[in-house]
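Asks:
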Amino acid sequence: MIKIECDKESLKKSVFEFYRMKFKEKYKNLDDEIYIDINKKYLFLKILDREKIIEKTFEINENSKFHFIINKFLFDLYKDRDDFDKSYGILTGVRPLKLVSKVFKDNNIEDSINILYENYRIDEFDSRFLYKIYLNQINIRMESEHDNYNVYVHIPFCPSRCFYCSFDTTIKNKIKMDKYTENICKDINNYELKFNKNPHSIYIGGGTPTAIGLENLEKIVKSIKNKFRETQEFTVECGRIDSLSVEILEMLKNNGVNRISLNPQTFNDEVLNRLNRVGNKDFKYWFDLAKKIGFEIINMDLIMGLPEEDIEMILNSIRKTIEFNPDNITIHTLALKNGSKLFENHYLNKDDYKNLLKESKNLLISNGYNPYYLYRQKKSVISSENIGYAKGEKSSIYNIVMMEEIENIIGFGLGASTKILNSKGRFERNINSKNLEDFIKE
Ligand code: SF4
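Below, the structure is given as structure tokens:
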């Protein structure tokens with residue numbers, strides 16, 4: 024186990040995160056010892072590696088960012104090891120583009136590549152990929168106004184619990200779903216709206232919103248419409264095909280929903296069945312029906328790294344997804360988080376996915392899908408990236424403004440957060456309770 028000694032707790036945490044992100048689960052097998060000592064003028068670093076002792080002294084001043092100095096040094100020390108993940112250099116946060124977009128804003132791409140390597144050790148491939156995303160977001164970034172707001176409603180019910188899931192979801196239960204619906208509608212109706220305009224986007228996510236049935240979902244959709252009126256983008260996650268009906272899809276369309284998400288996750292049904300999730304043999308029926316009903320944009324989600332899927336199986340699922348020609352494709356990488364059955368069962372990823380992420384990017388981009396948002400998660404089994412791709416101008420406003428923290432968000436329901444810009448230009452956050460009982464009481 025790594026041992027880090029440092030008086031500054033936040034710095035210690037940041038260095039620990041660096042090891043966890045860069046060595047993935049293998050960080051548990053490392054026994055490096057790191058000693059950090061800081062005075063007014065110098066930062067002393069001592070590392071006891073497998074066979075050697077490395078010592079380094081850095082001059083510092085009041086502007087020095089200690090975690091960047093240390094993590095850059097560690098990156099250079101470990102970068103040639105096979106078990107070290109070089110992606111996104113020393114950045115370990117969820118939103119790499121949030122930091123990097125400032126560099127793109129002020130510099131051309133060639134200068135940006137140099138700056139990103141010098142400052143954060145991000146390589147040229149990752150820099151160019153981030154830049155592509157930045158360009159695909161630029162219209163929304165430019166048009167964004169301080170009083171733009173977006174509405175999120177969380178529905179925490181699902182037809183069954185997938186073994187890889189770590190969300191706060193509950194298997195559908197009529198009494199709980201009815202009560203949740205009633206109380207969420209009250210929350211929406213009673214909300215005191217301070218913005219004098221329509222929302223930029225509305226997003227109903229989960230869980231599986233369509234799992235709560237036609238009547239409940241219609242009540243929620245109508246409450247939102249009554250309260251917030253028109254919007255240019257209204258998304259409902261219809262994730263699982265075993266939660267759908269013709270009536271639900273028609274109701275959504277008739278109430279102004281223009282984007283939906285149908286999520287196969289993989290086209291290998293045995294893999295899904297082993298994970299407590301229904302297979303996709305009827306997927307084409309639902310996809311064609313959604314098209315016929317007339318949703319403007321359909322997204323399809325896939326997950327890379329599910330147990331017993333090798334590189335070829337994953338790439339095949341991506342190819343099949345491309346054949347459907349959806350407007351958006353979102354590629355997630357499996358993350359093992361507390362609360363999932365796979366985590367409880369100590370699932371360990373044995374496959375070596377080598378260049379899967381690069382291959383998946385090339386495959387999607389060469390088929391006309393442009394990356395438009397990216398977030399990273401810790402404890403991921405392949406790489407840490409989750410990437411949304413879109414054809415043409417079909418990026419999701421909500422995904423961009425939420426992930427890049429560009430606009431206000433009003434959140435309803437279990438665990439949803441509301442983020443409102445204050446007069447100092449900072450977001451004030453308010454996170455709802457994550458306890459379902461708080462939402463289903465009288
Ligand atoms: S992965 Fe999706 S469908 Fe499965 S339990 Fe989690 S939220 Fe529900």
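Counting from 24, one number per residue, gives the positions in the sequence shown under the numbering used here.
By construction, the Cβ of each residue, glycine as well, lies at the ideal position given by its N, Cα and C atoms.
Can you have a look at residue 331 and say buried or exposed, based on whether 16 or more other CB atoms are within 10 angstroms of its CB?
Replies: Looking at its Cβ environment, which holds fewer than 16 other Cβ atoms inside 10 Å, residue 331 is exposed.
Asks: Tell me whether residue 112 is buried or exposed, calling it buried when 16 or more other Cβ atoms sit within 10 Å of its Cβ.
Replies: Per the 10 Å Cβ criterion, buried.
Asks: Which residues does DSSP pair with residue 60 in a beta bridge?
Replies: Answer by DSSP bridge pairing, in chain order: 67.
Asks: With 16 as the cutoff for other CB atoms within 10 Å, does residue 94 come out buried or exposed?
Replies: Buried, since its Cβ has 16 or more Cβ neighbours within 10 Å.
Asks: Please tell me whether, using a cut-off of 7 Å, the distance from the CB of residue 185 to the nearest non-hydrogen atom of the ligand SF4 is below it.
Replies: Because some heavy atom of the ligand SF4 lies under 7 Å away, the Cβ of residue 185 counts as near it: yes.
Asks: Between which two residues does the alpha helix (DSSP H) containing residue 342 stretch?
Replies: From DSSP, the alpha helix (DSSP H) with residue 342 extends over 334-347.
Asks: Taking only heavy atoms of the ligand SF4 into account, decide whether any of them is closer than 7 Å to the Cβ of residue 188.
Replies: Yes, Cβ of residue 188 sits closer than 7 Å to a heavy atom of the ligand SF4.
Asks: List the whole-angstrom C-beta distance separating residue 179 from residue 437, where the pair is believed to meet the contact cut-off of C-beta under 8 Å.
Replies: Going by Cβ atoms, the distance from residue 179 to residue 437 rounds to 5 Å, so yes, they are a contact pair.
Asks: Please classify residue 24 as buried or exposed, where buried requires at least 16 neighbouring CB atoms within 10 angstroms.
Replies: So residue 24 counts as exposed.
Asks: Is the beta carbon of residue 370 closer than 8 Å to that of residue 380?
Replies: Cβ atoms of residue 380 and residue 370: not closer than 8 Å.
Asks: Excluding the 5 residues flanking residue 382 on each side, which residues of the same chain have their C-beta closer than 7 Å to its C-beta?
Replies: Answer for residue 382: 338, listed in chain order.
Asks: Would residue 269 be called buried (16 or more neighbouring beta carbons within 10 Å of its own) or exposed?
Replies: Label assigned to residue 269: exposed.
Asks: Who are the Cβ neighbours of residue 67 in its own chain at under 6 Å, not counting the five residues just before and after it?
Replies: For residue 67, where only same-chain residues beyond five positions count, the Cβ hits under 6 Å are 60 and 80.
Asks: Please name the residue, chosen from 128, 144, 216 and 201, that lies closest to residue 170 on a Cα-to-Cα basis.
Replies: Ranking 128, 144, 216 and 201 by Cα distance to residue 170 puts 216 first.
Asks: In or out: residue 165 buried (at least 16 other Cβ within 10 Å) or exposed?
Replies: Exposed, by the Cβ-count rule.
Asks: Return yes when the Cβ of residue 146 is within less than 8 Å of the Cβ of residue 154, no when it is not.
Replies: Not a contact, by the Cβ cut-off of 8 Å.
Asks: Just the C-alpha distance for residue 255 and residue 419, rounded to the nearest angstrom, thanks.
Replies: Distance between the alpha carbons of residue 255 and residue 419 is about 11 Å.
Asks: Compute the Euclidean distance between the alpha carbons of residue 72 and residue 28, then round it to the nearest angstrom.
Replies: In a straight line, the C-alpha of residue 72 is about 14 Å away from that of residue 28.
Asks: Which of the three DSSP states is assigned to residue 232 in this structure?
Replies: Here residue 232 sits in helix by DSSP.
Asks: How is residue 288 classed by DSSP in three states: helix, strand or coil?
Replies: Strand.
Asks: The ligand SF4 and residue 300: does any heavy atom of the ligand fall closer than 7 Å to the residue's C-beta?
Replies: Yes, Cβ of residue 300 sits closer than 7 Å to a heavy atom of the ligand SF4.
Asks: How would you write the range of the beta strand (DSSP E) that residue 452 sits in, first residue to last?
Replies: Start and end: 450-454.
Asks: Secondary structure at residue 330, three-state DSSP: helix, strand or coil?
Replies: If DSSP states are grouped into helix, strand and coil, residue 330 belongs with coil.
Asks: Exposed or buried, what is residue 312 when buried is set at 16 or more other beta-carbons lying within 10 Å of its beta-carbon?
Replies: So residue 312 counts as exposed.
Asks: Does the beta carbon of residue 262 fall short of 7 Å from some heavy atom of the ligand SF4?
Replies: The answer is yes for residue 262.
Asks: Which of the three DSSP states is assigned to residue 408 in this structure?
Replies: Note: residue 408 maps to strand in three-state DSSP.
Asks: Taking the straight line between their C-alpha atoms, what separation do you get for residue 228 and residue 195?
Replies: Residue 228 and residue 195: Cα-Cα distance of roughly 15 Å.
Asks: Kindly confirm or deny that the segment 183-198 and the segment 243-260 touch, where touching means at least three C-beta pairs closer than 8 Å.
Replies: Flag = no, the segment 183-198 and the segment 243-260 do not touch.
Asks: Closest to residue 346 by C-alpha separation, out of 142, 33, 399 and 290, would be which residue?
Replies: Cα-wise, what sits closest to residue 346 is 290.
Asks: Can you tell me whether residue 62 is buried or exposed, with buried defined as 16 or more other CB within 10 angstroms of its CB?
Replies: Label assigned to residue 62: exposed.
Asks: By a C-beta neighbour count over all protein chains shown, 10 Å radius and 16 as the cutoff for buried, is residue 427 buried or exposed?
Replies: Label assigned to residue 427: buried.
Asks: Take residue 124 and list the residues in its own chain whose beta-carbon comes closer than 7 Å to its own, dropping the five residues that flank it on each side.
Replies: The answer, listed in chain order, is 157.
Asks: Locate the alpha helix (DSSP H) running through residue 440, then write down its first and last residues.
Replies: Here residue 440 belongs to no alpha helix (DSSP H); instead the beta strand (DSSP E) covers 440-444.
Asks: Use the C-beta contact count for residue 51: other C-beta atoms within 10 angstroms, 16 or more gives buried, fewer gives exposed.
Replies: Counting Cβ neighbours within 10 Å, residue 51 comes out exposed, since fewer than 16 surround it.
Asks: Beta carbon of residue 434, beta carbon of residue 455: below 8 Å?
Replies: Yes, these two residues count as a Cβ contact at 8 Å.
Asks: Report the option in 40, 264 and 362 whose CA atom is closest to the CA atom of residue 115.
Replies: Ranking the options by Cα distance to residue 115, first place goes to 40.
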